[in-house]
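J.: Residue numbers (the working numbering): 5 to 334. Don't be surprised by glycine CBs; every beta carbon is placed ideally from N, CA and C.
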Amino acid sequence: MSTKKPVRVAVTGAAGRIGTSIIFPIAAGDVFGKDTPVILQLLELPDALGKLRGVEMELRDCAYNLLRDVVVSDDPNVAFKDADALFLVGSKPRGPGMERADLLKDNGKIFIGQGKAIDAVAADNARVIVVGNPCNTNAYIASQMARRVPKANFTAMTRLDQNRAAAQLAGKAGVEVGAIGNLAVWGNHSPTMYADYTHAYINGRKVSEVITDHEWLNTAFLKTVAQRGKAIIDAQGVSSAPSAAWAAIDHMRDWHHGTNGRWVSMAVPSDGSYGIPEGLICSFPCTVDANGQYHIVQGVELDAASKAKVQASVNELLEEREMISGLLAG
Ligand code: NAD
Ligand code: LMR
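1) Check whether the Cβ of S243 sits closer than 7 angstroms to any heavy atom of the ligand NAD, and report yes or no.
2) Can we count H255 as close to the ligand LMR, meaning its CB is less than 7 angstroms from some heavy atom?
3) For R168, collect the residues of the same chain with a Cβ closer than 6 angstroms to its Cβ; drop the 5 residues on either side in sequence, then sort them by chain order.
4) Given a cut-off of 8 angstroms, decide if K155 and P273 are closer than it, judged by their beta-carbon atoms.
5) Between which two residues does the beta strand (DSSP E) harbouring A199 extend?
6) Can at least three beta-carbon pairs, one atom from the region 111-126 and one from the region 239-252, be found at a separation below 8 angstroms?
7) Is I280 helix, strand or coil when you go by DSSP?
8) Is there at least one non-hydrogen atom of the ligand LMR closer than 7 angstroms to the beta-carbon of I236?
9) Which of the three DSSP states, helix, strand or coil, is assigned to T24?
10) Between H193 and the ligand NAD, is there a pair consisting of the residue's CB and a ligand heavy atom that are separated by less than 7 angstroms?
11) Might you give, ordered along the chain, the residues of its own chain that have their beta carbon closer than 8 angstroms to the beta carbon of A150, omitting 5 neighbours on each side?
12) Pairs of beta-carbons, one from the region 167-182 and one from the region 195-214, closer than 8 angstroms: are there three or more?
13) Contact between the region 123-134 and the region 50-67 is defined here as three or more beta-carbon pairs at a separation below 8 angstroms; is this criterion met?
Below, the structure is given as structure tokens:
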């Protein structure tokens, strides 16, 4: 039996499509390590608590060695108590014909209350990933409620966009996904995101040397990544879930264990790097050191076309920030 202190992990929307897919790998040790016990603290809306109790039964029935306890609640002050890591998933998904920003009115307010609850009861150095859309701005809202927990600990998920981009490049080049490195998603998790392949490599060679169809790289590739969420909704009627859950696991696992110099895309509060306004939760290429501290990769040379794409996405984030200014003031 592991004698390590259990990691307390809160997951919101835990009876939903993504939430359910996240909690089983966490309990199996895929995020915090195969020798680290976990306590799952699951939050749902009152109406979904019955369903969540069924999920809890299944979790317990898996007889995971590392699962020390499961807490089920509809109160964030209970579910977030002493939490070391929080996956904020619970919120409305978009349907056909909607943009993610259309969700801001309904979902934004969730992150006021949950941000406050994190600051009130979570562990001092609690780490947050926001998955619920529009995730960058929802993470910004939650981060603005933080007084005790560092604002830098509030992040949003663009790893799904990076994973989508890597899979597209690997397919086109006929290589394993693991051959791709230094792929960076910049900006907002929205159609304005910029999947920057210009610094990426495939088996150590520049992408543009291996994939000589530059027309594809600059049009179909970028569009496919930017519009993948919509394509999935159009095809299956509901938004991505298993791939989103897997990306959230990738994000938190890499943040916990470090990336050994590998670039990963994380939406984090800007520190002013690349002229991006401070505090805006923007996706950057990041590395995570052996102490689990993330760093925005510095010195990436962006050409004029790349700079324009990043700026367009930053402008959209600024517009979203403007849209929620009343919510923050009130
Ligand atoms: P879902 O409808 O299947 O599940 C959402 C769950 O959240 C429901 O069970 C609901 O009861 C619960 N919930 C709603 N409000 C809550 C609250 N205030 N507190 C606790 N729980 C609450 O939806 P889903 O497919 O799991 O998607 C969840 C969110 O993730 C959506 O906003 C979706 O757009 C977003 N998403 C983001 C990405 C990304 O890459 N960032 C990818 C896919 C989906
Ligand atoms: C995605 O990228 O799949 C999610 O953000 C869901 C959506 O609404 O597109």
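T.: Answer, in terms of the structure:
1) Yes, the ligand NAD has a heavy atom inside 7 angstroms of this Cβ.
2) Set against 7 angstroms, the gap from the CB of H255 to the closest heavy atom of the ligand LMR is not smaller.
3) Spatial neighbours of R168 in its own chain (CB-CB distance under 6 angstroms, excluding positions within 5 residues in sequence) are listed in chain order as V229 and R232.
4) Cβ distance < 8 angstroms, so P273 and K155 count as in contact.
5) Going by DSSP, A199 is part of the beta strand (DSSP E) stretching over Y198 to D200.
6) No, the region 111-126 does not touch the region 239-252.
7) I280: coil per DSSP, three-state reduction.
8) Under cutoff, so the answer is yes.
9) It is helical.
10) With a threshold of 7 angstroms, the Cβ atom of H193 counts as near the ligand NAD, since some heavy atom of the ligand is closer than that.
11) For A150, same chain residues with a beta-carbon under 8 angstroms away, outside a window of 5 residues either side, are G119, I122, D123, N157 and F158 in chain order.
12) These segments touch.
13) No, they do not touch.
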